[in-house]
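Protein chains: 2
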Amino acid sequence: MTASHRRPTTREVAALAGVSVATVSYVLNGKDGRVGEETRRRVLAAADELGYVRSSSARSLRLRRTERVCLVVGSIGVPAYDQLARDLSAAADEAGYGVMTIVVDSPARADKAVDLLRQHVADGAVVAPSVPLADAQLRALTGSRLPLVVMSNAVAPDGFDVVRTSEAAACVEAFDHLAATGRRRIAYLAHEHELTGRQPSERRDAYLDALDRHGLGPELVVPGADDRVGAYRAVEALLARPDRPDAIFAASDRAAITAILALRDAGLAVPEDVAVVGVGNLEEGRITRPPLTTVGPPAMDFHDVARLLFDRVLADETPFDREITTSWSFIRRGSA
Amino acid sequence: MTASHRRPTTREVAALAGVSVATVSYVLNGKDGRVGEETRRRVLAAADELGYVRSSSARSLRLRRTERVCLVVGSIGVPAYDQLARDLSAAADEAGYGVMTIVVDSPARADKAVDLLRQHVADGAVVAPSVPLADAQLRALTGSRLPLVVMSNAVAPDGFDVVRTSEAAACVEAFDHLAATGRRRIAYLAHEHELTGRQPSERRDAYLDALDRHGLGPELVVPGADDRVGAYRAVEALLARPDRPDAIFAASDRAAITAILALRDAGLAVPEDVAVVGVGNLEEGRITRPPLTTVGPPAMDFHDVARLLFDRVLADETPFDREITTSWSFIRRGSA
DNA sequence: CTGTTAGCGCGTTCAC
DNA sequence: GTGAACGCGCTAACAG
């Protein structure tokens, strides 16, 4: 492998091997049966000597395919997104594809993400931001014929697959359980985007509805579900209130787990003094004392999502739109 | 915007606007001053009408630049990697670049990652797998003139920048502190890759060294630092031993925090019965009871890394190799 | 059966 | 404001 400044091209390999570029391409792509053994060897030797590596841009241009997929998420470091990233990355790897990640944490970034996607930086995308894309943005993407899997409860399949969660019923069940066991003052520990976003939150709607149906006090919604430190502080603040809650429903398991800790640190018993319910069904909920009662899917995995995407990406003709719903349930353990 | 099957090209926009493709390109890239206002408007209108979006592959090919960077990490869902991903993503976003993520969790994947990188799927990369790349792999990458920032204590700059952490001294300090406060049986809660990998671990070396210097018992190294559930189980197992430890040094803060919980659940006092030290200096260590004593950087951020990379990526000529060392310290809070 | 010729994919930019 | 070359790999059609 000779050192040189410009990357060698198939032309140079061909020249060195004394063959045409076509032959080089056939050899390098394993299209054997078209090339004699001896020639094959010469080409490989030449490529090796020059340190030839094909240009992925040129290849993508010619193939009209990038062999990359894109993951659009709301943030990094959230259990569900991380798992999605892992599962998609594993599936991509298996298919010989790469993964681009775009973090969409503002409307401006959403626009930029849509632009990028329309420029065909990837052959398909899983779209799962915490704030769903606008209809117009989705249409822009399907308009550019990009294979798409959208994770959202707010849209129906329309040129793309949809993966949704049916969380409402399970949440209702959780709140009914809290009410039935005598909780009168239920606090809701919310994600930031539930408070600022325009999108409805099934969880919070279930909360408001339950308060209403059971004739329970004024709503008590505070932020703090996004991270553990925030959750701890939020719970501390809740406990300092004169109308201290006797139950906390946290929009994330991480926050709920932290709530249990904060309550214990404050000398309160869970669930006797304060009941705690989380969302997500993290493994970690099994090691708290008491174990965390939660609302969530049977297991956190996104193989389905990855499969839907690659079905579309690798398909010859556009497949029918599909829709998968993951049913959540109320998983009663010890904290409520 | 007319619906059509093939994506429109600059040629078609040019034709519709009655100008040349060169003009279209100039207009679309804001190279004004070369184009009259009226023409400009016509081009823009034509592009809009056709729903023109430029092909990023063609652009990359021509520009010899992908406007993408790559992040190579050992896994997803680990606090430090997640933060790195966030910081890199933010920097990339600002520069109008995208981020590809490659998860390298096996030697085979490392080879594939190096291949991809050599094919120029990105204009530069931050390489930070839990198991460092082999020298030959690094050389293969610098050989293809790829701007590179390597996070590793095991290599010296050589055509790439290196970001290292000086954790040894702080770890030694931590162990000395444990010994000085009378701990005689110190357990080490290790990452899986510390046990299986060939790479030396500064933390564990500091541990072994300390045992030796202070004449402390046989080593007690168990896996469990990788995730919270594993950490909880590992600590339970440690406590069931006849030679129960009186101190636990966990290779991650997440494990250390979990250890505190497990100890409390077992009815033991921290630090009186068992001292706990973590690694990483997570914010979360401030909300445990007692607050977590840890070894780590003053703050977990990777702006430096991102800056180094983009300095290289955006530089006209290859800059000098640089090396940044983040000094860790022993941060004594309540748990030891 | 083995290998070649030649054009294509599409945006960018220099010389006129 | 334009013509045309160029970046580089892929493959259909063709020749020996």
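Just so you know, the sequences run in chain order Z and E. If you're matching positions, the first sequence starts at 1 in the UniProt record's numbering and goes up one per residue. If you're matching positions, the second sequence starts at 1 in the UniProt record's numbering and goes up one per residue. In this text, a Cβ means the ideal position worked out from N, Cα and C, and glycines have one as well. Here the structure is a predicted model, which is why all the values come from computation and not from measurement.
Give a yes or no on contact between the segment 321-330 of chain Z and the segment 169-187 of chain Z, applying the rule of three or more CB pairs nearer than 8 Å. Output reads yes: the segment 169-187 of chain Z touches the segment 321-330 of chain Z.
Please classify Z:F320: is it buried, with 16 or more other beta-carbons within 10 angstroms of its beta-carbon, or exposed? Exposed: under 16 other Cβ atoms inside 10 Å.
Listed by chain order, chain Z residues near E:Y232 by CB distance under 8 Å: Simply I287.
Compare the Cα-Cα distances from E:A46 to each of E:G74, E:V72, E:T10, E:A315 and report the closest residue. When only C-alpha atoms are compared, the closest one is E:T10.
With a 10 Å radius around its C-beta and 16 neighbouring C-beta atoms as the bar for buried, classify residue 387 of chain E as buried or exposed. There is simply no residue 387 of chain E to check, as chain E begins at 1 and stops at 336 in what is shown.
With distance defined between alpha-carbon atoms, name the residue in Z:A262, Z:E219, Z:A256 nearest to Z:D243. It is Z:E219 whose Cα lies nearest to the Cα of Z:D243.
Determine the extent of the beta strand (DSSP E) in which Z:F160 is found, giving its start and end residues. That residue, Z:F160, is in no beta strand (DSSP E); it is neither H nor E in DSSP.
Kindly say whether Z:D265, judged by its beta-carbon, lies nearer than 8 Å to any beta-carbon of chain E. Chain E, which has a Cβ nearer than 8 Å to the Cβ of Z:D265, makes this yes.
Proximity test, Cβ basis, 8 Å: E:Q119 and chain Z: In terms of beta-carbon proximity, E:Q119 lines the interface with chain Z, with at least one pair separated by less than 8 Å.
Would residue 420 of chain E and E:P223 be called neighbours here (beta carbons separated by less than 8 Å)? Since the displayed chain E opens at 1 and closes at 336, residue 420 of chain E lies outside it and no answer follows.
Report the neighbours of Z:V155 on chain E: residues whose CB is nearer than 7 Å to its CB, in chain order. Taking the beta carbon of Z:V155 as reference, no residue of chain E falls within 7 Å; the closest one sits roughly 21 Å away.
Given 8 Å as the limit, is there contact between the segment 140-159 of chain E and the segment 89-98 of chain E, that is, 3 or more CB pairs closer than that? The answer is no - the segment 89-98 of chain E does not touch the segment 140-159 of chain E, with fewer than three Cβ pairs under 8 Å.
If you pair each beta-carbon of the segment 35-50 of chain Z with each one of the segment 58-77 of chain Z, do three or more pairs fall below 8 Å? In short, these stretches do not touch, since the Cβ pair count stays below three.
For the segment 99-117 of chain E, enumerate the residues whose C-beta is nearer than 9 Å to any C-beta of chain Z, in chain order. So the close ones are V99, M100, T101, I102, V103, R109, K112, D115, L116.
Alpha carbon of E:P132 to alpha carbon of E:T165, nearest angstrom: Between E:P132 and E:T165, the C-alpha separation is close to 14 Å.
Between which two residues does the alpha helix (DSSP H) harbouring residue 337 of chain E extend? The question about residue 337 of chain E has no answer here: the residues shown for chain E are numbered 1 through 336.
Do E:V73 and E:P129 have their C-beta atoms closer together than 8 Å? Between E:V73 and E:P129, the C-beta gap is smaller than 8 Å, which places the two residues in contact.
Return the bridge partner residues of E:S327 from the DSSP annotation. DSSP lists E:S166 as the beta-bridge partner residues of E:S327.
By how many angstroms is the C-alpha of E:R59 removed from the C-alpha of Z:T293? Cα to Cα, the separation comes out at about 52 Å.
Mind listing the chain Z neighbours of E:T66? Cutoff is C-beta to C-beta under 7 Å, in chain order. Correct list: S57.
With a threshold of 7 Å, establish whether the CB of E:E236 neighbours any heavy atom of the ligand NAP. In terms of ligand content, the structure shown is empty, and the ligand NAP therefore cannot be addressed.
Cα-Cα, which of Z:T326, Z:A180, Z:K112 is closest to Z:G215? Considering only alpha carbons, the answer is Z:A180.
Excluding the 5 residues flanking Z:A113 on each side, which residues of the same chain have their C-beta closer than 7 Å to its C-beta? Excluding residues up to 5 positions away in sequence, V72, I102, V104 lie with their Cβ nearer than 7 Å to the Cβ of Z:A113 in the same chain.
Using 8 Å as the cut-off, can you tell me whether the segment 149-169 of chain Z makes contact with the segment 184-198 of chain Z, which would need three or more C-beta pairs spanning the two stretches below that distance? Output reads no: the segment 184-198 of chain Z does not touch the segment 149-169 of chain Z.
Residues from the segment 216-230 of chain Z in contact with chain E, defined by Cβ distance under 7 Å: Cβ contacts with chain E: R228, V229.
How should Z:Q199 be labelled, buried or exposed, when 16 other C-beta atoms within 10 angstroms of its C-beta is the threshold for buried? Counting other Cβ atoms within 10 Å of its Cβ, Z:Q199 stays below 16 and is therefore classed as exposed.
Z:G278: buried (16+ other C-beta within 10 angstroms of its C-beta) or exposed? So Z:G278 counts as buried.
Quick one: does Z:G77 have its CB under 8 Å from some CB of chain E? With its beta carbon less than 8 Å from one in chain E, Z:G77 belongs to the interface.
Within chain E, partners of Z:S89 - CB distance below 9 Å: Contact annotation for Z:S89 against chain E: I76, T101, I102, V103 [CB-CB distance below 9 Å, chain order].
Z:P223 (DSSP reduced to helix, strand or coil): In this structure, Z:P223 counts as strand in the three-state DSSP scheme.
Going by CA-CA distance only, name the one from E:G334, E:R322, E:G217 that's closest to E:A269. The option with the nearest alpha carbon to E:A269 is E:G334.
Could you tell me which residues DSSP pairs with E:R241 in its beta bridges? DSSP output for E:R241 lists no bridge partner at all.
Rounded C-alpha distance that separates Z:R86 from E:I324: Each residue's alpha carbon lies about 30 Å from the other.
If you run the structure through DSSP and keep just helix, strand and coil, what is Z:A315? In this structure, Z:A315 counts as coil in the three-state DSSP scheme.
From the beta carbon of E:L61, is the nearest beta carbon of chain Z less than 8 Å away? Chain Z contact via Cβ: present.
Please state the DSSP three-state secondary structure of E:L71. It is a strand residue.
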